[in-house]
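J.:
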Amino acid sequence: MNAEVQKLKGDPKDYSVNGVDARIKKNQVMALTKKFQNALLAFNNEQLRYKEKCKQKITSYLSLSGRNMPEEDIDKAIENGQLFDYTKGLILAQRDKKALYDEVKSRHEDIIRLEASIRELHDLFQDMSMLLESQGEMLNHIERNVESAVDYATKAFRNVKQAKEIQASTRKVGYITHCVLFYGIVGAPPRGM
Numbered sequence: 262m263n264a265e266v267q268k269l270k271g272d273p274k275d276y277s278v279n280g281v282d283a284r285i286k287k288n289q290v291m292a293l294t295k296k297f298q299n300a301l302l303a304f305n306n307e308q309l310r311y312k313e314k315c316k317q318k319i320t321s322y323l324s325l326s327g328r329n330m331p332e333e334d335i336d337k338a339i340e341n342g343q344l345f346d347y348t349k350g351l352i353l354a355q356r357d358k359k360a361l362y363d364e365v366k367s368r369h370e371d372i373i374r375l376e377a378s379i380r381e382l383h384d385l386f387q388d389m390s391m392l393l394e395s396q397g398e399m400l401n402h403i404e405r406n407v408e409s410a411v412d413y414a415t416k417a418f419r420n421v422k423q424a425k426e427i428q429a430s431t432r433k434v435g436y437i438t439h440c441v442l443f444y445g446i447v448g449a450p451p452r453g454m
């Protein structure tokens, strides 16, 4: 999963400078993150329900075997993996209880695997969080660059327009100057007349 998160990060050079593309990517990442959070929450709730169900089964099995154990001790034993050490001598005494022991042990191993999966999901979520943070910074940088480019383009447009106006004005002045000089040279009456 971590490899896929790294693949999602990609190369910053691959992102378009277009602000619309950046916003679309940002919105997609946010939508996927929300879905991921919802899936993680549902997974966590399901794990808690499963763990509670297993705890009830263990309590039931222990009471069937004539042993009672407080809930806190069961929780500690499940967390530490010592439940089977505590109940092993009792359960192995009878044939039916051996099957019960195997089932409880199997369920405990399932819980351990489930907890490992949750840890992996937690790591993935942290990676996604870092990815979102870095993409957010990248999108902010792209947005600033686009805004700067728009400002520069606007200034350049004004400068070009002003240059054209100055050029037109300069042409008019040059034309008038040429006309005055031409009239002064050609149209002036000769001096001795």
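So for the sequence shown, our numbering puts the first residue at 262; every next one is plus one.
Glycine included, C-beta positions come from ideal geometry on N, C-alpha and C.
Which of the three DSSP states, helix, strand or coil, is assigned to GLY327?
T.: If you number the sequence shown from 1, residue 327 lands on position 66. Correct three-state label for GLY327: coil.
J.: Is GLY271 buried or exposed, if buried means 16 or more other CB atoms sit within 10 Å of its CB?
T.: Locating residue 271 in the sequence shown gives position 10, counting from the first residue. Since pLDDT at GLY271 reaches only 48, below the 50 mark, its modelled position is unreliable, and no value is offered.
J.: Do CYS315 and ILE373 come within 7 Å of each other at the CB atom, strictly closer than that value?
T.: As a position in the sequence shown, residue 373 is number 112, starting the count at 1. As a position in the sequence shown, residue 315 is number 54, starting the count at 1. The Cβ-Cβ distance between ILE373 and CYS315 does not fall below 7 Å.
J.: Do ILE319 and VAL290 have their C-beta atoms within less than 7 Å of each other?
T.: Translated into the one-based positions of the sequence shown, residue 319 becomes position 58. Translated into the one-based positions of the sequence shown, residue 290 becomes position 29. Taking 7 Å as the Cβ cut-off, ILE319 and VAL290 do not qualify as a contacting pair.
J.: When you compare the region 299 to 317 with the region 372 to 392, are there three or more beta-carbon pairs, one atom per stretch, that lie closer than 8 Å?
T.: yes
J.: Between MET389 and THR294, how many whole angstroms is the CB-CB distance? I'm expecting something under 8 Å.
T.: The residue labelled residue 389 in the question sits at position 128 within the sequence shown. The residue labelled residue 294 in the question sits at position 33 within the sequence shown. Right, their Cβ atoms sit about 6 Å apart.
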